[in-house]
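Sequential numbering from 3 applies to the sequence shown in our numbering. Cβ coordinates follow ideal geometry from the N, Cα and C atoms, glycine included. Presented below is the structure to which this report refers.
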Amino acid sequence: MNALRIRGGRRLMGEWTVQNAKNAVLPIMAAAILTEEKTVLEDCPTLSDISYMGDILRMLGCSVHMEGKRLQIDPQGLFGHEMPDELAKKIRSSIFLLGSILARFHKATVTLPGGCEIGLRPIDLHLSGLKQLGVRIHDEGGVIHCDGSAMKAGPVHFDYPSVGATENVMMAAALLKGETTLHNVAREPEIRDLQCFLNRMGADISGAGTHTIIIRGVRSLRGCVYRPMPDRIVAGTLLAAAAITGGSIKLYHTPTQDMYAMIAKFREMGCIITEKESSVALHAPERLTAFTQLQTQPFPGFPTDMQVQMSAIATLAKGTSVVVENVFENRFTHAGDFNRMGANVLINGRTAVIQGVDALYGAVVTARDLRGGAALAVAGLAAKGETIVENAQLVDRGYEAFEDSLNALGADVSRISIT
Ligand code: UD1
């Protein structure tokens, strides 16, 4: 286990270039097996989730190499349709392979996936979408066997706009003859990025970013070189880090048009934000003001992946902030740690009431999931004294060299190992 040691109390100042998005790269990696040709992803961040996904692809017979920041996936040796149990349990995105493996082999076997401990995360919506394409599904105690021999294009309706289910079914349908229309899909920007990638491979897909995606099946796809989109959540987390310290930073390589829900919240808290197409500057007041209400929702609503970081900065804001978590049920697990640092957070079901306090104090706290770990670090930046965030390896799932980015902006964060 390793930990982040944060010496709080420094105002963040300076500039940083944001990494590309984990949540764009993972489905794209799954989509790379829709062809037999090689794909190269440029400017790919070094993250444990991405390397686990690489391991899964290798176990299925692909050759996967990271050279510097270029991730090469060569699926020529792909032989397996059974997802390796051990690794699939580690990351939830292994489920995306269901769609692409089905498209290639017309059969697939997966174990129920793992991921962050932020909620139940069933896969019923994925399976329902695939069933609507004609896939026959048989569940054997957590091992899902899919028979896609009768798969065909057609209409698919989602009961809820799940990001992963939308992406999975897009991949499953890309090679089906005829037109597949996906209704009530998720509109997250990473889905638009997946559409761009698939179309670069030769697919014919439109509508990502709206409620309906239309997939006109093509006979085959080809390899390509692609640069995934920048990470809106990493950008938001760094803005939160600057905001809580009364700092002033500028971020480059930001998907600004996808960040308006966050930008509006920072403004409500008293920050001055100057945004351009691919950069955002934030200038924080000496003390933030509480927000009236933050409700997480599917895009373009406020992203659940930024909820804990905003809760962290609300702990020091003037007034009372109310947070309603509508997407994942277990995303308040860090409240106890915030309170250990001196915050005043009260949880009732899916609602958190955060009464801003005058100061936070360094403490030993524990990351329980990726974003929660980052949020504890954000709180530590403004706390008096030293904060230790244990289980920091969870943060490495989504933030590339997190401490480097914070230190480049003037923080004092180091990595320590704990035995
Ligand atoms: C993706 C993101 C994750 C983000 C989430 C919501 C990736 C790799 N991960 O996760 O960072 O927090 O979107 O923006 O892109 N659900 C079901 N049945 C299903 C699928 C989902 O009930 O079959 C529920 C989930 O439990 C959750 C909600 O739907 O409550 C949203 O999940 P979903 O949009 O599928 O998120 P993920 O794709 O898992």
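Going along the chain, which residues of its own chain have a beta-carbon closer than 7 Å to the beta-carbon of T19, five neighbours each way excluded? Y254, H255
Out of curiosity, what's the CA-to-CA distance linking I120 and F301? Since pLDDT at I120 reaches only 49, below the 50 mark, its modelled position is unreliable, and no value is offered.
As a quick exercise: from P191, N170, K109, pick the residue whose alpha carbon is nearest that of D152. Residue identity differs from the one stated: residue 152 is Ala in this sequence, not Asp. That would be K109, whose Cα lies nearest to the Cα of A152.
What number of angstroms, rounded off, separates the C-alpha of A188 from the C-alpha of M172? The straight-line gap from Cα to Cα measures roughly 11 Å.
Is Y162 near the ligand NAP, going by C-beta to nearest heavy atom under 8 Å? By its list of ligands, the structure shown excludes the ligand NAP, since it contains just the ligand UD1.
Leaving aside the five residues before and after H285 along the sequence, list all residues of the same chain whose C-beta is less than 7 Å from its C-beta, in chain order. S250, C273, I274
So what does DSSP say about I120, is it helix, strand or coil? With a pLDDT of only 49 at I120, under 50, the local geometry of the prediction cannot be trusted, and the value read off the model is given with reservation. In this structure, I120 counts as coil in the three-state DSSP scheme.
Can you give me the Cβ contacts of A105 inside the same chain, cut-off strictly under 7 Å, excluding the 5 residues immediately before and after it? L36, M173, A174, A176, L177
Sequence-distant residues of the same chain with beta carbon closer than 7 Å to S164, five excluded per side: L127, A188
Whole-angstrom Cβ separation of D233 and K71, contact assumed at under 8 Å? Contact doesn't hold; Cβ gap of about 14 Å is too wide.
Is there at least one non-hydrogen atom of the ligand UD1 closer than 8 Å to the beta-carbon of V158? No.
Please state whether DSSP places H128 in a helix, a strand or coil. If DSSP states are grouped into helix, strand and coil, H128 belongs with the helices.
Assigned secondary structure, P157 (DSSP; H/G/I helix, E/B strand, else coil): strand
When you compare the region 37 to 46 with the region 205 to 217, are there three or more beta-carbon pairs, one atom per stretch, that lie closer than 8 Å? no
Span separating the alpha-carbon of K386 from that of V366: Going by the C-alpha atoms only, they are around 13 Å apart.
Would you say the region 140 to 147 touches the region 183 to 200, given that touching needs at least three Cβ pairs under 8 Å? Short answer: they don't touch.
I want to check one thing, is the minimum distance from the CB of V171 to the heavy atoms of the ligand UD1 below 8 Å? no
Could you check which residue in A316, V310, A283 has the C-alpha nearest to that of E270? A316
Rounded C-alpha distance that separates Y262 from N22: 18 Å
Would you please state the rounded distance, in angstroms, between the beta carbons of V112 and G131? I believe it to be under 8 Å. With 8 Å as the limit, V112 and G131 do not qualify as a contact, their Cβ atoms being about 15 Å apart.
Where are the beta strand (DSSP E) runs, 3 residues long or more, that stay fully inside the region 272 to 310, in chain order? 274 to 278, 281 to 285, 295 to 297
With DSSP run on the structure shown, which of helix, strand or coil describes P230? In the three-state DSSP reduction, P230 falls in the coil class, being neither helix nor strand.
Once the 5 residues before and after Q78 are set aside, which same chain residues still bring their CB inside 7 Å of it? Within the same chain, Q78 has close Cβ partners E38.
What span of residues does the beta strand (DSSP E) with K109 cover, start to end? 109 to 113
Among the candidates L14, M15, I58, R7, whose CA atom is the shortest distance from the CA of A32? I58
Looking at the structure shown, is E38 part of a helix, part of a strand, or coil, going by DSSP? coil
For the ligand UD1, any of its heavy atoms closer than 8 Å to the Cβ of H285? no
Just reading off the alpha helix (DSSP H) that K386 is part of, what are its end residues? Here K386 belongs to no alpha helix (DSSP H), and DSSP marks it neither H nor E.
Looking at C-alpha atoms only, which residue of I356, I265, D149 is the closest neighbour of P305? Checking every option, the nearest Cα to that of P305 belongs to I265.
What do you get for Y162, buried or exposed, if any count of 16 or more other CB atoms within 10 angstroms of its CB means buried? exposed
Of the residues Q311, K267, E190, A292, which one's Cα is nearest the Cα of A376? When C-alpha distances from A376 are compared across Q311, K267, E190, A292, the shortest belongs to Q311.
Using a threshold of 8 Å, is the CB atom of E331 nearer than that to any non-hydrogen atom of the ligand UD1? yes
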